[in-house]
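Residue numbers (my numbering), protein chains in the order written: chain G, 548 to 1096; chain F, 548 to 1096. As structure tokens, the structure follows; a few thoughts come after it.
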């Protein structure tokens, strides 16, 4: 993936963006559904950007890997949240990084941190830049404490270094994106099988640093469950844990690295637990008359020991928008296994769904390895040629961030937020978030919609994911969204949720995170940071307050 | 369980110890099998103990919960490793705690820490005292830094405080032993289902503090996988995490608590994820001609996605001693589920075993819920009245620590050690540990045996557990064992293992642990400790060097 293909202001690849003509065609529909006037505008052009002059100059030995080009500096100023895209779209870059460094090896990474430490330069680790929480944002209140800011982009550290077939594990460099690492694992018949929505535009290091949530709806949901060992370059040197399948030797070093969001060091590589490629799959999409009965089914499935791979409950709004629903909630269910047929599992799951009021008449789509009896098997009620709701949903899922950019160009609000909460409090959280969103959207935006789906389910709780679409106006989108976001974040906090299940904290979630995490833990984490990053140069403002000595 | 029933020097309950007559009867067999003279001696008596006078006196407000009785102080001087039992047996208590405190509530726990902090008294958190790594040991090189030592026994904090049926979770006080908490959960139809070998004599708080390994051979093997939130009383106050089914908000606070072994605070309670009681079970014991083919089967099972509950490979020595084996290795396999039949799972597992050279002719013993078709089903080749090898093994498992005490009274060496290693290095580790043990046992003890079993298997590795039986002499057991232990620990370290998979680090494993964990992580952990325990009073000598300000 060459950097040139990436959009410098929007999601993903520039040529995958929704074409202008298509956005124009969307406009009347958006206008009608949100009940507001919309007008498409063009994004700022690179040529129009007037970035602040770089405040620092890389030493000769590093100048070759440090870029001060406008596209690099603008493209590394933000992540890819709605706030980021709006600012990029408008060409607002008051605090670009002074340089974008792309180390080609660990030695250069070490030299970069040495330079930053000695010169009082903030160092922001950058994977593939798809943070949606201000995790890679350059500048802010902390900026004046530093003489400059360098974004350290790990794009060149993208290799699978070693594969251990016997232990089914691989040593992978942190800058490898999902496709890059899967491409290198495929010839070995192995897969990491971690598929966050950002799969194409996020990296192993970013996943570990943010405790990314991946493919699995149950069981091992977060990337850290697949981490065997980590190597992190801190300003004081490398911190590398031993490869172990399990250990009880003190607190896990890897669990301090996981979720550290770049404030303790730059993850350079990790040994990851891999899997055989799945040969058996089964999917089903089960309509439920009410969201509540779908919730009950999801809970029973989560507590059933069936461990479905996918268990995404879409509320009626999500189902209508993404899976061809017509007023009902839809549970998108999936099972997969490399070795064992999953027919019995999905049948047991369908029984649970039926028992909870789901309509299982469409049956399941089951496939096995080529040549097996179950290959291509579908139930009678299911036409093999019709797009399966589970597949409609998947394609909409990957397309969603591009559509968000289109909504930005129409002057609307389109954003998501997510949480997790124990089952006993889910109803209250859902009601309170829904009510709060409705209130604030009506007050601030004059309307809008909130929809909900489940991304992950646990025996003891659930991770609901919310999507907001709302009318706004060019120039007012950020202020409006900030107000709505603050209100729903408060509702999440008050009803027992976490400010993030898998998007991370970054700079955007600090307010609620600071109330959610134990104060003494923040102090302990701060002490750990002072030890590993004594000059306080790493990703200032993330997780804890920046403290320069 | 009253404290009076516990043996003050040996394992478990005093009246469950192997009776003297039985030990006498064992003597000739032990003598023959180890090739040495053995002579049974009597343990020291409580009346014979001359303990150092307490160096401190509890303030009036705490005197009611602080005991200075000989039995309490002797009984809290050590854990229950071979080293501990030998010293207790001999009546060697040079460094007893000056007092044993038993707080009845959290307020008293806070007061105790305040007292220790203000008076420079070391505070050693004590669950049920079955540490086998010097985790609760009073005294040592660090002793002179303190004015005294208090063992803080959480025996009275043993309640299940709240049960959340909907989320299938419970708030449980840290001092509850396995039976205590299961007794309170049973009326709710729920179970934690965490069964370390020490189940009866260890507590929830101890499990979390040491990252205990439990019932499950695969998947969620360690107690921290079942932790929803923790509350830990530090000298600076309580540190409590939010109840969440999953979260990506920074590094997990619970994962700093898990494995902290009492150096950061005293865990007072935790919300734990529970399960429905299993209704479906299946077990099988599969002989393998060679240990190597059993290893291959275990690895394939671990990588099969079948997730057996039990997958204990016993080498020929273990199989002969514990499961009626006659020269073959035996794989003890188990599946269980609350909701779904496990027949298909164990049949798939048996196929894998057969394919790897296992003798599956005995079939599986499968049971379902009462009234179900599969209740009590056994294969034809299996007599329902004969003790099943899987059950022989379980009963031997629970009896083992008592037998170790009997071996101590005969002047022999009987101890276990354990590790985990990735599959690619297992053969080398096993060979090197076996060779090293044979060499050092021959040199130091003039003989002895080493056997191996697997306690847990992972897709990427295995946790082997070793048992040593060796000739020795009263008075020389410790020096001999220390030399053997040092040699095998070095072999584990050199071949890529962890110094502990689930026994913890304590004081005994510090030497290798200090080389195994990243230096910078130890510094970060030390900084966290200085933050939470500024006076450095908590469990000095464990995990990191004691540092009094």
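Quick reminder that beta carbons are idealized off the backbone N, C-alpha and C, glycines included.
- Annotated as proximal: residue 814/G and residue 721/G, with beta-carbon spacing under 8 Å.
- Per DSSP, residue 1078/F is one residue of the alpha helix (DSSP H) stretching across 1066–1079.
- Exclusion of the five residues before and after residue 1014/G leaves 963, 998 as the residues of its chain whose Cβ lies within less than 6 Å of its Cβ.
- Here the C-alpha atom of residue 664/G lies approximately 50 Å from the C-alpha atom of residue 609/F.
- Listed by position along chain G, the residues whose Cβ is nearer than 8 Å to that of residue 1060/F are 796, 797.
- Taking CB atoms only, residue 564/F has no neighbour in chain G less than 8 Å away.
- Secondary structure at residue 570/F: helix, using DSSP grouped into helix, strand and coil.
- In the pairwise beta carbon analysis, the segment 812–828 of chain G is classified as touching the segment 880–898 of chain G: at least three pairs are separated by under 8 Å.
- Annotation: the continuous alpha helix (DSSP H) that includes residue 891/F extends over 890–902.
- At a cut-off of 8 Å, the C-beta of residue 877/G has no neighbouring C-beta in chain F.
- Ranked by Cα distance from residue 586/F, the first of 957/F, 865/F, 565/F is 957/F.
- The beta carbon of residue 801/F sits closer than 6 Å to those of 774, 777, 788, all from its chain and outside the five residues before and after it, given in chain order.
- Residue pairing by DSSP places residue 884/G opposite 827/G in a beta bridge.
- With contacts defined by Cβ atoms closer than 8 Å, residue 993/G and residue 806/F do not form a contacting pair.
- In this structure, DSSP gives residue 640/F a state outside helix and strand, which the three-state scheme calls coil.
- The closest CA to that of residue 670/G, considering only 701/G, 1051/G, 677/G, is found on 701/G.
- Counting along the chain, the unbroken alpha helix (DSSP H) around residue 622/F starts and ends at 617–622.
- Minimum Cα-Cα distance from residue 703/G among the listed residues 656/G, 1050/G, 907/G, 1071/G corresponds to 656/G.
- The C-alpha of residue 766/G lies about 15 Å from the C-alpha of residue 714/F.
- Taking C-beta atoms as the reference points, residue 770/G and residue 780/G fail to come closer than 8 Å.
- Looking at the DSSP output, residue 700/G sits in a beta bridge with 673/G.
- One Cα belongs to residue 865/G, the other to residue 941/G, and the distance between them is close to 12 Å.
- For residue 829/G, no CB of chain F lies under 8 Å from its own CB, so it is not counted at the interface with that chain.
- A buried status is given to residue 619/G, since no fewer than 16 other beta-carbon atoms sit within 10 Å of its beta-carbon.
- Identification of chain F residues near residue 689/G by a Cβ-Cβ cut-off of 7 Å yields none; the smallest Cβ-Cβ distance measures about 18 Å.
- Taking 8 Å as the threshold, the shortest C-beta distance from residue 1006/G to chain F falls below it.
- The C-beta separation of residue 1093/G from residue 581/G comes to about 39 Å, leaving the pair out of contact by the 8 Å criterion.
- DSSP places residue 1087/G outside both helix and strand once states are collapsed to three, so it counts as coil.
- For the options 952/F, 1052/F, 1004/F, the alpha carbon positioned closest to that of residue 555/F is the one of 952/F.
- Residue 969/G sits close to residue 1007/G, with the two beta carbons spaced by under 8 Å.
- If you check the CB distance, residue 1082/F and residue 650/F do not come in under 8 Å.
- For residue 741/G, the three-state secondary structure derived from DSSP is coil.
- Remark: C-beta atoms of residue 840/F and residue 904/F approach each other more closely than 8 Å.
- The bridge partners DSSP lists for residue 859/G are 879/G.
- Rounded to the nearest angstrom, the gap between the Cα atoms of residue 1002/F and residue 961/F is 18 Å.
- Interface annotation for the segment 882–904 of chain G against chain F: 884, 885, 886, 887, 891, 895, criterion Cβ-Cβ distance under 7 Å.
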